[in-house]
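In what follows, a structure is listed as structure tokens, so that the remarks can point back to it.
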Amino acid sequence: MIEKVLEAFFRHAVLIVLPIVVIPFVVVAWVFSTPPQYEAQAGVWVERPAYLNYSGDELTRYLPPAKVQLDRLSELMRTRSFTTDVVKDSPLAEYLQMPGGEAFLDQTFARDFDLFQNGDHLLVIRFRSEDSATALTLVNAIVEQFRDRASEDRRAQAQLAISFYQGRLTDADGTLATARTALAKYLDANPSVAAALAKNGLDYARLDPGFADLQRRVESALRNDDDARGALSSAQFDYASNVQGDALGFRIIDAAGVSATPSRQLKKALIYPLAALMGGIALSAGLLMLFALSDHSVRSLADLAPDSVILGIVPSMRPASLARRAGPDVTRRGVGFIAGATLPLKPTERKAS
Amino acid sequence: MSDAGIPSVARGPLAALADLRARPDRQQQKRSWPIPGADELFRSLYTGFEVGSGTSLAVCSAVNGEGKSTMCTGLAVAIAQDLPDRRVVIVETDLWRPVLAKDFGLAPAPGLADCLLDRQPLASTLRATELDNLSLLVAGSMVPSPQRLLRSARMADVMHTLRSTYDVVIVDTAAVMVHSEVALIARMVEEVVFVVRTGVTPARELDAALGRLRDANVKGIVLNDVRSSVPRVLRRLARL
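Line by line, the protein sequences are chains P and D. Per the working numbering, the first sequence starts with residue 90, numbered consecutively. Per the working numbering, the second sequence starts with residue 6, numbered consecutively.
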């Protein structure tokens, strides 16, 4: 096998070596012909909204807040309304009016926008552009739009939660009042129980089953009332914080900034050519194996059947003195020359004749 | 064409040979093996065939372009040169891709096809060469169905006549896998030499071609055009 591989390599050396030379060369040319890119990045600390703690959403309960928000922002980036809002105050706004501009913007975001979570709470937003101002503007716009949308959603959901918990609190208050009324009526109807309660305390009074049952209802209604009151307070606090623009669940930890020097220059100048070189080598290796494996011709005695009778081995007989002469029959004619075969004429001789 | 404007063929093979010898470019060329070592190579090959009186051998190959005609010419020239008392003839039976007439600067007709069609007697189709004891029977005129001619009884007669007239008859055949008539021709001769050109002959085709010649007396294989693109140093290192 090694013989076939070596033979294939040296037989098709140019074709096999070509990818190793050409692909890195093309990539290096591309790297140095494309303009440098600037990268703007912002880090956002996100929290799960407080009211979600009371939700029964089992899926989101165990996902990190950064993952929840990352999915949300990723989905938003795929919506036209969000990207339009992001772009409208940036240097890319002109594309909104151009035919095919939306497709261009989609391609730009798909290519130059990066979003990833760094831990459970940190969301990193990154944008690359040939212009540092554009990169910075777009990262800021994305963060602002995302915060606005998040705040709006949180406000809407907090309002919904407030309404819900208010209703629940009202119900709990009503239940509590009903329970208390029932307890008072029972005591009025049973003076001995009321006397025992006054004389020996609550524990002795509970020996009466009717009183004990009513007392448990009052205590339960009280607990429900306290829970509803606490949830309502939390939702009201969340709503208040959003209204004030101080969304505790969405804080910009690292404000958007852009590097003074173009980013990824090292990557472009080193990693891409190296990757191209590796790709070229892989392609060449593939070609080499293709040539070696697809060569089913007889190359040596080893390729003949073991019981073959070998009468002789004739080496290649195309002498250098005749090699430059035209025609594929030069060897045969050279062999028959003594008997009168004509040697092919040199090109100059052919012209003269 | 001769100086008199009469085609060489019309004046017979000897006249054509005279024309050949009279060509100024030939006279200037030194008649020696232009390929160093080729004479010794073919000498060693025919020594293995035990050339004697009445030897007839066919040179076959699986596919086209493996060096059958080169092998035929080389063997014939070497035998004719080394054994001047033996009469040698090359018979070109590849009527589909004839080369000998062109190689030797001869008119393509008359030849074997004309003889098989009874247009010409065998004696007039034989061509002389610059070696006195070496003759050529070139393919001849192009005919519409050469396979019929090669399968005819006339072909067997021609072969019989040649074997009785010449000491060594060397038959240049077509490719075995291309034309099935080669198997018939191979049975008309005493021995068959099978040429395998490295890098050209597919191993499967070789097996199939040898299978087609199972009724013939295949003497063995000549591995032709053996060369390696691998540098000698690397070959030694890899023990190839």
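Cβ coordinates follow ideal geometry from the N, Cα and C atoms, glycine included.
- Shown here, Glu-136(P) sits in coil according to DSSP, grouped into three states, outside any helix or strand.
- Residues of the stretch 35-63 of chain D with a C-beta less than 9 Å from any C-beta of chain P: Arg-36, Ser-37, Trp-38, Pro-39, Ile-40, Pro-41, Gly-42, Ala-43, Asp-44, Leu-46, Phe-47, Ser-49, Leu-50, Gly-53, Phe-54, listed in chain order.
- When C-beta distances to chain D are compared with 9 Å, the residues of the stretch 377-406 of chain P below that value are Asp-384, His-385, Ser-386, Val-387, Arg-388, Ser-389, Leu-390, Asp-392, Leu-393, Ala-394, Ser-397, Val-398, Ile-399, Leu-400, Gly-401, Ile-402, Val-403, Pro-404, Ser-405, Met-406, in chain order.
- The CB of Leu-95(P) comes closer than 9 Å to the CB of Ser-233, Ser-234, Val-235, Leu-239, Arg-240, Ala-243, Leu-245 in chain D, given here in chain order.
- For Leu-139(D), at least one C-beta of chain P is nearer than 8 Å to its own C-beta.
- Distance from Val-82(D) to Gly-425(P) at the Cβ level is roughly 6 Å; contact confirmed, criterion being Cβ atoms closer than 8 Å.
- Per DSSP, the continuous alpha helix (DSSP H) segment holding Gln-196(P) begins and ends at 190-201.
- For Lys-224(D), the uninterrupted beta strand (DSSP E) run begins and ends at 223-231, by DSSP.
- One finds Val-104, Asp-108 in chain D with Cβ atoms closer than 7 Å to the Cβ of Asp-418(P), taken in chain order.
- Its chain contains Phe-216, Arg-217, Ser-218 as the residues whose beta carbon lies nearer than 7 Å to that of Asp-201(P), once the 5 sequence neighbours on both sides are disregarded; these appear in chain order.
- Against chain D, a Cβ distance below 7 Å from Arg-100(P) picks out Ser-234.
- Across the structure, Pro-180(P) and Asp-195(P) are spaced so that their CA atoms are roughly 15 Å apart.
- In terms of Cα proximity to Gly-132(P), the closest of Gly-401(P), Ala-345(P), Ala-364(P) is Ala-345(P).
- Annotation: the continuous beta strand (DSSP E) that includes Thr-60(D) extends over 60-66.
- Only those residues of the stretch 116-137 of chain D whose C-beta falls short of 8 Å from the nearest C-beta of chain P are listed: Thr-134, Glu-135, Leu-136.
- Annotation for Gly-42(D): no alpha helix (DSSP H) segment contains it, and DSSP assigns it neither H nor E.
- Within the stretch 63-137 of chain D, the runs of alpha helix (DSSP H) that reach at least 4 residues and sit entirely inside it are, in chain order, 73-87, 105-108, 117-121, 127-130.
- DSSP places Ser-218(P) inside the beta strand (DSSP E), whose first and last residues are 211-218.
- By the neighbour-count criterion, in which a residue is buried when 16 or more other Cβ atoms sit within 10 angstroms of its Cβ, Lys-357(P) is buried.
- Under the 10 Å beta carbon count, Gly-429(P) is surrounded by 16 or more other beta carbons and is classified as buried.
- Within chain P, the residues whose beta carbon sits less than 7 Å from that of Ile-226(D) are Leu-393, Ser-397, Val-398, Ile-399, Leu-400, listed in sequence order.
- From the beta-carbon of Phe-121(P), no residue of chain D is found nearer than 8 Å; the closest lies around 36 Å away.
- Shown in chain order are the members of the stretch 80-99 of chain D whose Cβ falls below 8 Å from a Cβ of chain P: Ala-81, Val-82, Ala-85, Gln-86.
- The straight-line gap separating the alpha-carbon atoms of Glu-96(P) and Arg-202(D) is approximately 15 Å.
- Between Gly-110(D) and Thr-431(P) a beta carbon distance of about 5 Å is seen, short of the 8 Å cut, so the two are scored as contacting.
- Against chain P, the beta carbon of Val-163(D) has no neighbour under 7 Å; the closest one sits roughly 21 Å away.
- A distance of 8 Å or more separates the beta carbons of Ile-427(P) and Leu-80(D).
- Per DSSP, the beta-bridge partners of Tyr-127(P) are Ser-218(P).
- Sequence-distant partners of Asp-203(P) (beyond 5 residues in either direction) whose C-beta falls short of 6 Å from its own C-beta, in its chain, are Arg-215.
- In terms of Cβ geometry, Leu-100(D) and Val-227(D) do not form a close pair [threshold 8 Å].
- With contacts defined as CB atoms closer than 8 Å, Val-228(P) and Gln-130(P) qualify as a contacting pair.
- With contact defined as three or more Cβ pairs closer than 8 Å, the stretch 256-267 of chain P and the stretch 185-192 of chain P are not in contact.
- A direct Cα-Cα distance of roughly 25 Å separates Asp-316(P) from Pro-154(P).
- When secondary structure is reduced to three states using DSSP, Arg-340(P) falls in the strand class.
- According to the DSSP assignment, Thr-178(D) belongs to no alpha helix (DSSP H) but to the beta strand (DSSP E) extending over 173-180.
- With fewer than 16 other Cβ atoms from the protein chains shown falling within 10 Å of its own Cβ, Met-147(D) counts as exposed.
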